[in-house]
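Below is one structure, written out as structure tokens; comments come after it.
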Amino acid sequence: MAEAKWYVAHTYSGYENKVKADLEKTIENRHLEEEILEVRVPMQEVVEMKNGAKKTVQKKLFPGYVLVNMIMNDDTWYVVRNTRGVTGFVGPGSKPVPLTEAEMKPLGIKAENVTIDFSEGDTIVVVAGAWKDTVGAVQKIDYNKQTATINVELFGRDTPVEISFAEVRKLQ
116 MAEAKWYVAH
126 TYSGYENKVK
136 ADLEKTIENR
146 HLEEEILEVR
156 VPMQEVVEMK
166 NGAKKTVQKK
176 LFPGYVLVNM
186 IMNDDTWYVV
196 RNTRGVTGFV
206 GPGSKPVPLT
216 EAEMKPLGIK
226 AENVTIDFSE
236 GDTIVVVAGA
246 WKDTVGAVQK
256 IDYNKQTATI
266 NVELFGRDTP
276 VEISFAEVRK
286 LQ
């Protein structure tokens with residue numbers, strides 16, 4: 116099987132999040148989860164001054180572009196290219212060019228695999244983020260996204276929550 120690489124899709128400005136949502140829905144509907152692994156809209160935190168007060172806001176790093184981690188073939192090319200709001204891929208003509216390691220590094224995209232000390236079924240504790248101090252059993256591990264899915268009790272029922280590997284540790 117071919118290796119997944121990161122590609123850049125050009126979108127109408129302001130449609131980045133809509134393209135991301137539409138593409139993720141199409142991936143799910145066509146069962147392309149093994150070929151199109153992730154869709155990202157790179158964001159950065161910016162401090163703005165409004166009425167004399169500093170406010171931290173999220174802004175798009177590259178307005179008009181969406182990053183797609185996928186295995187390039189006719190099906191995946193067609194799905195991304197024909198998503199509403201996508202005008203094409205970045206690259207000469209109709210041939211998309213994948214991002215290099217050097218281009219991916221400043222975007223916070225890690226190409227190397229991370230080793231973790233837990234597996235599905237293990238109990239972990241969240242040590243950072245919104246779910247800090249939450250304990251849960253690992254339901255699913257996604258090495259591409261570097262996340263673990265755990266069930267947490269929310270409003271009296273178990274709810275799956277995706278947590279970054281960096282925010283969890285195995286419960287002894």
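Counting from 1, position 152 in the sequence shown corresponds to residue 267 in this note's numbering; the numbering is continuous, with no gaps. Built from N, CA and C at the ideal position, the CB exists for glycine as well.
Beta-carbon proximity list for residue i, same chain, < 6 Å, skipping 5 on both sides
| i | result |
| --- | --- |
| residue 238 | 252 and 286 |
| residue 112 | Residue 112 is absent from the structure shown; the chain starts at 116 and stops at 287. |
| residue 250 | 240 |
Cβ-based neighbour list, residue i, same chain, cut-off 8 Å, excluding 5 preceding and 5 following
| i | result |
| --- | --- |
| residue 169 | 162 and 163 |
| residue 205 | 122, 123, 124, 125, 180, 211 and 212 |
| residue 235 | 253, 254, 255 and 256 |
| residue 268 | 274 |
Segment limits, alpha helix (DSSP H) that includes residue i
| i | result |
| --- | --- |
| residue 141 | 131 to 144 |
| residue 216 | 216 to 219 |
| residue 190 | 189 to 196 |
C-alpha gap between residue i and residue j, whole angstroms
| i | j | result |
| --- | --- | --- |
| residue 264 | residue 153 | 16 Å |
| residue 283 | residue 257 | 14 Å |
| residue 240 | residue 147 | 32 Å |
| residue 177 | residue 220 | 15 Å |
| residue 158 | residue 200 | 19 Å |
| residue 270 | residue 189 | 44 Å |
For residue i, the nearest candidate out of the options (CA to CA)
| i | options | result |
| --- | --- | --- |
| residue 198 | 236, 270, 139 and 174 | 139 |
| residue 279 | 128, 268, 245 and 273 | 245 |
| residue 141 | 128, 207 and 196 | 196 |
| residue 260 | 172, 277, 188 and 233 | 277 |
| residue 243 | 266, 192, 160 and 281 | 281 |
Residue environment, residue i, which counts as buried when at least 16 other CB atoms sit within 10 Å
| i | result |
| --- | --- |
| residue 274 | exposed |
| residue 194 | buried |
| residue 202 | exposed |
| residue 172 | exposed |
| residue 166 | exposed |
Residue range of the unbroken beta strand (DSSP E) whose run includes residue i
| i | result |
| --- | --- |
| residue 122 | 120 to 126 |
| residue 172 | 168 to 175 |
| residue 147 | Counting along the chain, residue 147 falls outside any beta strand (DSSP E), and DSSP gives it neither H nor E. |
| residue 284 | 283 to 285 |
Own chain, CB closer than 7 Å to residue i, minus 5 neighbours either side, in chain order
| i | result |
| --- | --- |
| residue 156 | 131, 132, 135, 175 and 181 |
| residue 247 | 241 |
Residue i at chain C interface by Cβ criterion, 9 Å
| i | result |
| --- | --- |
| residue 201 | Protein chains in the displayed structure number just one, and chain C is not present. |
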